[in-house]
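Chemist: Right, I'll just put the structure down here and ask away after.
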Amino acid sequence: MTFIKKRSQDFLHVIRENDRVFERALISIFFYIGAIGIFNHAMWRDELNGWLLTRDSHTLGELIANVKYEGHPLLWYVLLDFLNRFTANPVAMQVLHLIIATSSAYLFLKFAPFSKLPKALFIFGYLPFYEFLLISRNYAIGLLSIVLFCIVFETRKRNYLWVSLSLALMVNTNAYCLLIAIALFFNFSGRIFIQKTYSTIKLQQV
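Quick note, my numbering runs 312 ahead of the 1-based positions in the sequence shown.
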C-alpha cells in the first residue's frame, strides 16, 4: 500500500508540474470514459433521425431536400452522408462524434488560458461531457468550431484567413452557432473598422 501510495503521489506531482502530461492524462480519461458511455448509450430518435435522413438520401439534392425542415445547416448531415457511403451502422456516427468531442476537449486543454482545475472542470462539465459527447448531434461540431475560432482569433492581426474559415465552419454547424458566428462576425468587423479609422485619423494628424 505504501508503494502504491508513493507511486500515486509521484504521478499526481508530475501531472501538476507538467502541462503535457496533464493534458494527455485528462484527455485519455475523457476519451475512455466517453467511449464507455457513448457505446452504452441507446441513441434517441433525434440522434438517429439525422442518420436515417442521410441513409435515405441518394444524392446531394435529395439530402438538401430532406434536411430543409431540420432547421440546421448541412455540415453535420454531409459528414453523416459520407459515413453512410461506407457503412449502414449508426455506430459509425457515434465514433465520429466521439472523435469530434475529444478533439474539442483536447484543444481546450491545450490552448485555453486557464489554470488546470478550471480546464478539468469544464471538459467534464454537463455540456462538454454529456450533451456534446454522449448525444450524437450537431452540437459537438459547433463547440469545436467555437474553440477553433478562439484559438485563431489571436492571429487576427497577422492572418484574417483562418479567422474567416473558422467563422465559415461555425456558420455551417448548427442554428445556434449560426447566431454566434453572426455576432462574432460583426464584433470582428467592428474591430477592424475601428482600428482602420483610428489609424487614418492618426495619419491625418501627422
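A virtual CB, placed ideally from N, CA and C, is assigned to each residue, including glycine.
When you compare only the Cα positions, how much space is there between residue 428 and residue 513?
Modeler: 43 Å
Chemist: Does the separation of the CB atoms of residue 457 and residue 481 fall below 9 Å?
Modeler: Yes.
Chemist: Should residue 449 go down as buried or exposed, given a rule of 16 or more other Cβ atoms within 10 Å for buried?
Modeler: Buried, since its Cβ has 16 or more Cβ neighbours within 10 Å.
Chemist: Which ranges does the alpha helix (DSSP H) cover as unbroken runs of at least 4 residues, wholly within the region 385-461, from first to last along the chain?
Modeler: Those alpha helix (DSSP H) runs which fall completely within the region 385-461 and span 4+ residues are 387-396, 403-423 and 428-435.
Chemist: For the region 420-440 against the region 378-385, do three or more pairs of beta-carbon atoms, one drawn from each stretch, fall closer than 8 Å, so that the two count as touching?
Modeler: Segments in contact, no.
Chemist: Would the region 344-351 count as touching the region 392-409 if we require 3 or more Cβ pairs under 8 Å?
Modeler: yes
Chemist: Looking at the secondary structure, which residues open and close the alpha helix (DSSP H) in which residue 484 lies?
Modeler: Run containing residue 484: none; DSSP gives neither H nor E here.
Chemist: Rounded C-beta distance between residue 454 and residue 486? I'm assuming under 8 Å.
Modeler: 5 Å
Chemist: Assuming residue 356 is part of the alpha helix (DSSP H), what are its boundary residues?
Modeler: Looking at the DSSP string, residue 356 is not in any alpha helix (DSSP H), and its letter there is neither H nor E.
Chemist: Is it the case that the Cβ atoms of residue 483 and residue 473 are separated by a distance below 9 Å?
Modeler: No. Outside cutoff.
Chemist: Would you kindly work out how many angstroms separate the C-alpha atoms of residue 396 and residue 511, rounded to a whole number?
Modeler: 52 Å
Chemist: Determine the contact status of residue 373 and residue 392, defining contact as a CB-CB distance below 9 Å.
Modeler: no
Chemist: Using three-state DSSP, classify residue 382 as helix, strand or coil.
Modeler: coil
Chemist: Shortest alpha-carbon distance to residue 445 belongs to which of 497, 351, 488 and 357?
Modeler: 351
Chemist: Three-state secondary structure (DSSP) at residue 499?
Modeler: In this structure, residue 499 counts as helix in the three-state DSSP scheme.
Chemist: Assign residue 323 to one of three DSSP states: helix, strand, or coil.
Modeler: Interpretation of residue 323 is limited by its pLDDT of 46, a score under 50 that renders its predicted location unreliable; the figure taken from the coordinates is listed afterwards. Of the three classes helix, strand and coil, the one that applies to residue 323 here is helix, per DSSP.
Chemist: What three-state label does DSSP hand residue 331 in the structure shown?
Modeler: helix
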